[in-house]
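Scroll down for the structure; my scribbles are underneath it.
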Amino acid sequence: MALDLLCERSMQTAAKISKLWTGIPGWIYIGIAVILMPIFTILTVENIHRQQENTVRLLVEEGAALIRSFEAGTRTGMMGRMMGGFKLQHLLTETAQQPDIVYLMVTDGDGTIIAHSDLGQVGKVYDRNLDFDQIAQDPDVQWRRVRMEDGREVFEVYRRFDPIAPNWHRSGQRGHMMPNAPPQQMEAPPREFIFVGLDSASILSAQRADTWHTIVMAAILLLVCLSGILLLFMAQGYRTTRASLVRIKAFSDNVVENMPIGLIALDDQRRMASYNQAAQSILGFETDTVVGRSAAQILPDRITEEIEGLTADGDVVEKEIDCRLADGRLIPLALSASVLFDGDRRFLGFVLLLKDLREVYALRSEIHRNQRLASVGRLAAGVAHEVRNPLSSIKGFATYFKERYRDKPEDQQVAGIMIQEVDRLNRVIGQLLDFARPIKVVAKAVAVPQLVADSLKLVEAQAKEKAIGIETIIAPQLRTVFLDPDRVKQVLLNLYLNALEAMEAGGRLSVSADEEDHDQWIVFRVSDTGYGIPDENQSQVFDPYYTTKSTGTGLGLAIAHNIVDAHGGRIEVDSAAGEGTTVTVRIPKTREEPQDEGA
């Protein structure tokens, strides 16, 4: 389930990244365009208007320069007239030969053309709609656009024509000036105007080209700005998605690496692509030379046989198998194998999940054993109840006959044997009842050294008879713990007796007490140097009525197991035939009184 969740999250993240370009809402595009379009439109219009103003200023300056140049030429010509004559029309015609000039003319104060670059226009009246009085009062050049008869548009620059210097005097005849004339002889110069028609076609063409260039550049800049802002949104989305992907990857890596189930990923060529620590621990392969190699070279044959039939169609294998590892061990495994796809359903490879079932099988055995013991306990309780009453009657009759026939030794002996056997049966029935009924544990503060010493006193004489040495090792920090001293003493006594019976020719009995797992457990160990327990019998030592002794009932270790269970602890046997036995009892340390078993 966790793996499916991780795969789903990874595919969702990959889909987010692949849709990053199309994932931006449309209203963002519209909003950016609404904000930027007016700005760029205003800037473009202002730029075009500025270009038009520059074009007009350029034409006006060009026309003003021509007028000043013509006036200077006229002034020079008038000075030369005194030495040989001057013709205004000739100078005007020569000046009008410049390529940008469409026409050049001079009019009098009423608009009659005095001189024109086109001789056919001389004597005609030029545009009576002009206000010549206003033109005469303005010293600066003025301009306007004029459309010719042939449809051409001409940029016209004009102002008052004044070629005479201030210290020159114009006489009554045109063109006759007297220098340094007395003030009373000075005459007001005639009012004349000059008009220059400039060909603006090339300049207007360049202006239109500049306008289009400005518009195109503004559009490009707008697109660049839009793209830049969108890229910022995309970059933010990318960072967010990448951060999410990094978190998911860290989470998935941590989960996969620490999950208790072994995980192996194979690529589409059935090569080892990835694995976690649990898989390596279960199968025991080398970690340095695994990735990239064929699964058939790394995995056990039993696993490769099961996944051989997997195809890209989506098959799934779920089985419990017995797998023999490279070191010869045979372990039970739960195998789950399936096909791995990406978010677009492209085949990537296979995923194998492995679970070591040894602990599960052990738990199943423990459950079966407990169920069996519960059945035996109920049966024993019923049998004990039914048998104990007849035994009491038998013992009573045996006692009666023993008292009645005192003078017959043979009858006395038979009656005594009957009484002994009935007592032995009563003890067995008492053990059965102890095994069958819930064990009540009453925890008390107990000094561990004293508890061990008291329990060993009960077997000291028997150990001395068999020449068995006793060794005790108590951890110095282990003083007072909370447990049921009578019950734990019963457990230890049963373990001592079993150890002594296993050492017929003498040996050594070792008893130790210590703490484990950061002082969470108190651990008792009882070891002997006896004949040990064969491997095939170790799983049955806690079963009731299982015994290898000719005189035992087989209930001692079963009762000890129940007492340890009632304390919430564990009891384990480690033995080998001919090498002795060690029984370990672990009881949790607590200051609370344990509950009755079955409560």
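The sequence shown begins at 1296 in my numbering and counts up one residue at a time.
From the three backbone atoms N, C-alpha and C, an ideal C-beta is built for every residue, glycine too.
Here the structure is a predicted model, which is why all the values come from computation and not from measurement.
Rounded C-alpha distance that separates residue 1640 from residue 1603: For the purposes of this step, residue 1640 is taken as residue 345 along the sequence shown, with counting starting at 1. For the purposes of this step, residue 1603 is taken as residue 308 along the sequence shown, with counting starting at 1. If I take the Cα positions, the gap works out to 21 Å.
When the Cα of residue 1347 is compared with those of 1388, 1451, 1499, which residue comes out closest? Working through the sequence shown from its first residue, we reach residue 1347 at position 52. Checking every option, the nearest Cα to that of residue 1347 belongs to 1499.
Going by C-alpha to C-alpha distance, which of 1455, 1701, 1329 sits closest to residue 1359? Along the sequence shown, read from residue 1 onward, the residue named residue 1359 stands at position 64. That would be 1455, whose Cα lies nearest to the Cα of residue 1359.
Check each candidate in 1661, 1578, 1785 and name the one with the smallest Cα separation from residue 1938. As shown, the chain starts at 1296 and ends at 1894. That puts residue 1938 outside it, with no answer to give.
Note down, in chain order, each residue of its chain lying with its Cβ closer than 7 Å to the Cβ of residue 1431, except the 5 sequence neighbours on either side. By one-based count along the sequence shown, residue 1431 stands at place 136. Closer than 7 Å at Cβ, skipping near neighbours: 1455, 1486.
Through-space distance from residue 1400 to residue 1421, alpha-carbon basis: On the sequence shown, position 126 is the one that residue 1421 refers to. On the sequence shown, position 105 is the one that residue 1400 refers to. Roughly 10 Å between the two C-alpha positions.
First through last residue of the alpha helix (DSSP H) which encompasses residue 1780: Stepping through the sequence shown from its first residue, residue 1780 is reached at position 485. Start and end: 1780-1796.
Just checking, does the region 1610-1629 make contact with the region 1650-1667 on the three C-beta pairs under 8 Å criterion? yes
Across the region 1775-1790 and the region 1741-1751, are there enough close Cβ pairs to call them in contact, namely three or more that are closer than 8 Å? yes
How would you write the range of the beta strand (DSSP E) that residue 1437 sits in, first residue to last? Counting from one through the sequence shown, the residue named residue 1437 turns up at place 142. Looking at the DSSP string, the run of the beta strand (DSSP E) that includes residue 1437 is 1437-1442.
Would the region 1438-1455 count as touching the region 1525-1532 if we require 3 or more Cβ pairs under 8 Å? no
Report the rounded CA-to-CA distance for residue 1894 versus residue 1863, giving the unit in angstroms. Here residue 1894 corresponds to residue number 599 of the sequence shown, with the count starting at 1. Here residue 1863 corresponds to residue number 568 of the sequence shown, with the count starting at 1. Confidence at residue 1894 is low in this model, with a pLDDT of 35, below 50, so its placement is unreliable and the value that follows should be read with caution. Between residue 1894 and residue 1863, the C-alpha separation is close to 13 Å.
Take the Cβ of residue 1874 as the centre, count every other Cβ of all protein chains shown within 10 Å, and call the residue buried at 16 or more, exposed below. In the sequence shown, residue 1874 corresponds to position 579, counting from 1. Under this definition residue 1874 is an exposed residue.
Quick test of your reading: residue 1385 and residue 1398, contact by CB under 8 Å. State the CB separation rounded to the nearest angstrom. Taking the first residue of the sequence shown as position 1, residue 1385 is located at position 90. Taking the first residue of the sequence shown as position 1, residue 1398 is located at position 103. The Cβ separation is near 16 Å, so there is no contact.
State the start and end residues of the unbroken beta strand (DSSP E) segment that holds residue 1453. Working through the sequence shown from its first residue, we reach residue 1453 at position 158. Here the beta strand (DSSP E) through residue 1453 covers 1448-1456.
Quick one: what does DSSP say residue 1770 is sitting in, helix, strand or coil? The sequence position of residue 1770 within the sequence shown is 475, counting from 1. Of the three classes helix, strand and coil, the one that applies to residue 1770 here is coil, per DSSP.
Please state the DSSP three-state secondary structure of residue 1421. The residue labelled residue 1421 in the question sits at position 126 within the sequence shown. Coil, per DSSP.
For residue 1734, count the other beta carbons within 10 Å of its own beta carbon; 16 or more makes it buried, fewer makes it exposed. Which is it? Numbered from its first residue, the sequence shown carries residue 1734 at position 439. The residue in question, residue 1734, is buried, as its Cβ has 16 or more Cβ neighbours within 10 Å.
Simplified DSSP assignment, three categories, for residue 1552: In the sequence shown, residue 1552 corresponds to position 257, counting from 1. Helix, per DSSP.
Would the beta-carbon of residue 1402 fall within 8 Å of that of residue 1488? Here residue 1402 is taken as the residue at index 107 of the sequence shown, counted from 1. Here residue 1488 is taken as the residue at index 193 of the sequence shown, counted from 1. Yes; because the gap between Cβ atoms is below 8 Å, this pair is in contact.
Out of curiosity, what's the CA-to-CA distance linking residue 1648 and residue 1576? One-based indexing of the sequence shown puts residue 1648 at position 353. One-based indexing of the sequence shown puts residue 1576 at position 281. When rounded, the distance between both Cα atoms is 13 Å.
Residue 1615 by DSSP, collapsed to three states: which one? As a first step, residue 1615 must be located in the sequence shown, where it is residue number 320. Of the three classes helix, strand and coil, the one that applies to residue 1615 here is strand, per DSSP.
Three or more beta-carbon pairs under 8 Å between the region 1856-1871 and the region 1806-1815, yes or no? no
Select from 1606, 1882, 1382, 1345 the residue whose C-alpha is nearest the C-alpha of residue 1819. Taking the sequence shown and counting its residues from 1, the one referred to as residue 1819 is at position 524. Comparing Cα-Cα distances from residue 1819 to each of 1606, 1882, 1382, 1345, the minimum goes to 1882.
Measuring alpha carbon to alpha carbon, tell me which residue in 1725, 1587, 1581, 1617 is nearest residue 1295. Given a span of 1296 to 1894 for the chain in the structure shown, any question on residue 1295 remains unanswerable.
Taking a contact to mean a Cβ-Cβ separation below 8 Å, would you say residue 1795 touches residue 1835 in this structure? Counting from one through the sequence shown, the residue named residue 1795 turns up at place 500. Counting from one through the sequence shown, the residue named residue 1835 turns up at place 540. No; because the gap between Cβ atoms is not below 8 Å, this pair is not in contact.
Could you tell me which of 1425, 1642, 1581 sits nearest to residue 1622, measuring between CA atoms? The sequence position of residue 1622 within the sequence shown is 327, counting from 1. The shortest C-alpha separation from residue 1622 is found at 1581.
Near residue 1742, what residues of its chain come up, given a Cβ to Cβ distance below 7 Å and the 5 sequence neighbours on each side ignored? Here residue 1742 refers to the residue found at position 447 of the sequence shown. Counting only Cβ-Cβ distances below 7 Å, and skipping sequence neighbours, we find 1774, 1775.
Going by DSSP, what residues sit across from residue 1494 in a beta bridge? As a position in the sequence shown, residue 1494 is number 199, starting the count at 1. DSSP output for residue 1494 lists 1449 as bridge partner(s).
Taking residue 1720 and residue 1674 to be in contact with their CB atoms under 8 Å, please state how far apart those CB atoms are, rounded to whole angstroms. To locate residue 1720, count along the sequence shown from 1; it is residue 425. To locate residue 1674, count along the sequence shown from 1; it is residue 379. Not quite, the Cβ-Cβ distance comes to about 16 Å (not below 8 Å), so this is no contact.
Between the C-alpha atoms of residue 1507 and residue 1341, what's the straight-line distance to the nearest angstrom? On the sequence shown, residue 1507 is found 212 positions in, with the first residue counted as 1. On the sequence shown, residue 1341 is found 46 positions in, with the first residue counted as 1. Using only the alpha carbons, I get a separation of about 14 Å.
Which partner residues of residue 1882 appear in the DSSP bridge assignment? If you number the sequence shown from 1, residue 1882 lands on position 587. Beta-bridge pairing links residue 1882 to 1817.
Report yes if the C-beta distance between residue 1611 and residue 1633 is below 8 Å; otherwise report no. Within the sequence shown, residue 1611 is the residue found at index 316, counting from 1. Within the sequence shown, residue 1633 is the residue found at index 338, counting from 1. The answer is yes: Cβ separation under 8 Å.
Looking at the strands, I want to know which residues DSSP matches up with residue 1775. Here residue 1775 is taken as the residue at index 480 of the sequence shown, counted from 1. Beta-bridge pairing links residue 1775 to 1742.
Taking the C-alpha atoms as reference points, what is the distance between residue 1771 and residue 1817? Taking the sequence shown and counting its residues from 1, the one referred to as residue 1771 is at position 476. Taking the sequence shown and counting its residues from 1, the one referred to as residue 1817 is at position 522. The alpha-carbon atoms of residue 1771 and residue 1817 are separated by roughly 13 Å.
So the candidates are 1414, 1554, 1436, 1405; which of them puts its Cα closest to the Cα of residue 1428? Here residue 1428 is taken as the residue at index 133 of the sequence shown, counted from 1. The shortest C-alpha separation from residue 1428 is found at 1405.
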